[in-house]
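This is the structure we're talking about:
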């Protein structure tokens, strides 16, 4: 398909390989070495200062990363984008496996870090991960690569924003180790974001009407977050509760959502896109106005909460031994 040539060019530029790539162990104490006890004590001493709210968003991000099997499965459902034998030599198959191998590091690293902190109920977290993978999720891609690439263009950036902001909060709390971990993961997401946005850009060059109509339709339905079916088996509103904490800490907010739309509009230069059909032109105009509209709505909602001094009720999270945030 049209994006295969681009995939060939991108494989070496936007994917790390083998020994040259970072690994989770690079950021964790080596328990096989003498003196590992002191390294663990140092890690725990820094993590001890992390507020429970930060732990909740960190766990939520980790659980999302650990549902990677669902995401690879979905990548290979796009028409023309599959790996029919499991180790196909096609550019897309190489990309999807390489992307998965990089993403796999994120959940591994955060999971091990959380375990070593001693601050979390790891079994409750593991139950949440299993539930999320079992439940799956539907990004409404409809097997359509156009929809799939618009979704991943958006979602990779959203994930980058979230990890970056958790790292910022970790730095404020004095955990330089977690700050470095989050920065490294966010760096991966930035490369992946760039790749999917380039795939979409190539489609836009060849079928501008098709991509614009797809983008507009997806924005009208809003982007579904991959962990929306998150539960620990007890809290059926776990994703909403986790999202409320993320919003409160400004880890990922409605304003971020609006700004991501704005980034894609700018990245694909929709303001200057010409030669569209009348229907696609209407969608282009809608998309160009959408970021400002969403941002105003988000700011209005936040200001309303401040005026009435409205706060979200405290919620207990099994991930942190039932403590409330």
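Residue numbers (mature numbering (1 follows the signal peptide of the UniProt record, and there is no 0)): -20 to -1, 1 to 305. Heads up, the beta-carbon is just placed ideally off N, CA and C, and yes, glycines get one too.
First and last residue of the uninterrupted alpha helix (DSSP H) at residue i
i: residue 84; result: 71 to 97
i: residue 243; result: 234 to 247
i: residue 258; result: 258 to 287
i: residue 167; result: 156 to 186
i: residue 222; result: 218 to 228
i: residue 3; result: Segment: none, residue 3 is in no alpha helix (DSSP H) and carries neither H nor E.
i: residue 106; result: 102 to 115
Beta-carbon spacing of residue i, residue j below 9 Å
i: residue 38; j: residue 90; result: yes
i: residue 112; j: residue 53; result: no
i: residue 234; j: residue 282; result: yes
i: residue 107; j: residue 212; result: yes
i: residue 85; j: residue 3; result: yes
i: residue 7; j: residue 138; result: no
i: residue 129; j: residue 206; result: no
i: residue 168; j: residue 46; result: no
i: residue 264; j: residue 196; result: yes
i: residue 180; j: residue 163; result: no
i: residue 72; j: residue 175; result: no
i: residue 34; j: residue 229; result: yes
i: residue 192; j: residue 250; result: yes
i: residue 126; j: residue 183; result: yes
i: residue 173; j: residue 133; result: yes
i: residue 156; j: residue 26; result: yes
i: residue 146; j: residue 231; result: yes
i: residue 153; j: residue 30; result: yes
i: residue 220; j: residue 123; result: no
i: residue 170; j: residue 140; result: yes
Where residue i sits in the DSSP three-state scheme
i: residue 68; result: coil
i: residue 50; result: helix
i: residue -19; result: Unreliable placement is indicated for residue -19, whose pLDDT of 47 sits below 50; the coordinate value is still reported in the next sentence. Coil, per DSSP.
i: residue 12; result: coil
i: residue 340; result: No answer is possible for residue 340: it lies beyond the span of the chain, which begins at -20 and ends at 305.
i: residue 207; result: coil
i: residue 304; result: strand
i: residue 299; result: helix
i: residue 33; result: helix
i: residue -6; result: coil
i: residue 58; result: coil
i: residue 189; result: helix
i: residue 294; result: coil
i: residue 253; result: coil
i: residue 43; result: helix
i: residue 202; result: coil
i: residue 28; result: coil
i: residue 141; result: helix
i: residue 213; result: coil
i: residue 231; result: coil
Member of the options whose CA lies at the smallest distance from the CA of residue i
i: residue 149; options: 283, 32, 56, 74; result: 32
i: residue 244; options: 25, 77, 74, 131; result: 131
i: residue 270; options: 102, -8, 202; result: 202
i: residue 254; options: 155, 26, 185; result: 185
i: residue 21; options: 80, 99, 126; result: 99
i: residue 43; options: 303, 287, 218; result: 218
i: residue 259; options: 123, 190, 40; result: 190
i: residue -7; options: 177, 41, 25, 287; result: 177
i: residue 275; options: 240, 261, 119; result: 240
i: residue 40; options: 65, 256, 187, 102; result: 102
i: residue 261; options: 300, 194, 18, 286; result: 194
i: residue 187; options: 1, 256, 9, 56; result: 256
i: residue 223; options: 55, 5, 292; result: 292
i: residue 110; options: 48, 74, 57; result: 48
i: residue 227; options: 216, 15, 248, 279; result: 279
Expected contact under 8 Å - CB spacing of residue i and residue j to nearest Å
i: residue 63; j: residue 76; result: 6 Å
i: residue 97; j: residue 23; result: 7 Å
i: residue 298; j: residue 225; result: Incorrect: roughly 14 Å between the Cβ atoms, too far for contact.
i: residue 95; j: residue 161; result: That pair is no contact at about 13 Å.
i: residue 36; j: residue 119; result: In fact, because the Cβ distance is near 24 Å, the residues do not count as touching under 8 Å.
beta-carbon residue i near the ligand COA non-hydrogen atom, thresh 8 Å
i: residue 44; result: Among the components modelled here there is no ligand, and therefore nothing to report on the ligand COA.
Neighbour flag for residue i against chain C, beta carbons, 9 Å
i: residue 192; result: The chain inventory of the structure shown lacks chain C, comprising one protein chain alone.
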